[in-house]
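So the sequence shown is numbered by our numbering: it starts at 217 and just counts up by one. Don't be surprised by glycine CBs; every beta carbon is placed ideally from N, CA and C. Note that the coordinates shown come from a computational prediction; the quantities given were computed from them, not determined experimentally. Shown next, in structure tokens, is the structure this report addresses.
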Amino acid sequence: MERKLVNGDYVPDGAGGLCSLSGAEEVLARALYRLTARRGGLPFLPELGSRLHLVLNAKPSERQALAAQYAAEALEEEPDLKVAGVNLAEGEHSAELTVHLDWQGEALSVTVEL
217 MERKLVNGDY VPDGAGGLCS LSGAEEVLAR ALYRLTARRG GLPFLPELGS
267 RLHLVLNAKP SERQALAAQY AAEALEEEPD LKVAGVNLAE GEHSAELTVH
317 LDWQGEALSV TVEL
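Written as structure tokens, this is what we have:
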């Protein structure tokens, strides 16, 4: 069970506890965490996270393929979650990656700023 986070803070439930997520919301929260955490950033969990922060350092012609590779790598520990595709939209100084997912036959997507 995942707890709901908004802007890095847990969301209170109004009864002295914290809001919990379930179903697709929980899966998306886990996916977002795995995609935004830097791989190797947690010493006791070196395989957790992604290398998506490296995408913009690559040649422009290689970025889409690397984004797809790094997203799949980050989510490989989620057995019920499959990457169906990625879309990389680049701006002048940043990029936005939308990862399309398949979870138990349901189409989900999550967007990450690079």
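Quick check on this structure: which residue in R219, A287, E263 and P295 has the alpha carbon closest to the alpha carbon of N303?
For N303, the nearest C-alpha among the options comes from A287.
Can you give me the start and stop residues for the alpha helix (DSSP H) that A283 sits inside?
Element bounds for A283: R279 to L291.
Check this for me: beta carbons of K298 and L324, under 8 Å apart or not?
Not a contact, by the Cβ cut-off of 8 Å.
Would A274 be called buried (16 or more neighbouring beta carbons within 10 Å of its own) or exposed?
A274 comes out exposed.
I'd like to know whether the C-beta of C235 is nearer than 8 Å to at least one C-beta of chain B.
Although the question refers to chain B, the structure presented lacks it and comprises just one protein chain.
Measuring CA to CA, which of A311, L268, A281 and A300 is closest to R255?
When each option's Cα is compared against that of R255, the closest is L268.
In the DSSP assignment, what residue or residues form a beta bridge with S266?
R254, per the DSSP bridge assignment.
Excluding five sequence neighbours on each side, which residues of the same chain lie with their C-beta closer than 6 Å to the C-beta of L282?
Counting only Cβ-Cβ distances below 6 Å, and skipping sequence neighbours, we find V271 and A274.
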